[in-house]
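A.B. asks: Sharing a structure with you now.
See below:
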């Protein structure tokens, strides 16, 4: 079976992004979210993957990182993809 990702919803507005989609495996969905998190520089992103009867769906939200008074980015930690179940 060929691996693929299908986007169901993509919204980019006022420094925020929201993506919903489907993939052929849990691993592929997580890999896709991780790639997006790396590519969206200056954004704090969080994603989840869910499995239901062999159908894998994912959701990711992101927004621009806030800067504190010292000019450093306010980073709370690494981006992590949520649990599958």
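Residue numbers (the numbering used here): 1 to 85.
Each residue gets a CB set at the ideal place from its N, CA and C atoms; glycine is no exception.
1) Using a Cβ-Cβ cut-off of 7 Å (strictly less than) and excluding sequence neighbours within five positions of residue 64, which residues of its own chain qualify?
2) Need the endpoints of the beta strand (DSSP E) that residue 2 sits in, please.
3) On the CB-based measure, 16 or more other CB atoms within 10 Å of its CB, does residue 37 come out buried or exposed?
4) Between 22, 5, 10 and 7, which lies nearest to residue 51 when the distance is taken from Cα to Cα?
5) Three-state secondary structure (DSSP) at residue 13?
C.D. replies: According to the structure data:
1) The answer, listed in chain order, is 15, 42 and 43.
2) Taken as a continuous stretch (DSSP letters only), residue 2 belongs to no beta strand (DSSP E), as it is neither H nor E.
3) The residue is buried, with at least 16 neighbouring Cβ atoms inside 10 Å.
4) Considering only alpha carbons, the answer is 22.
5) Strand.
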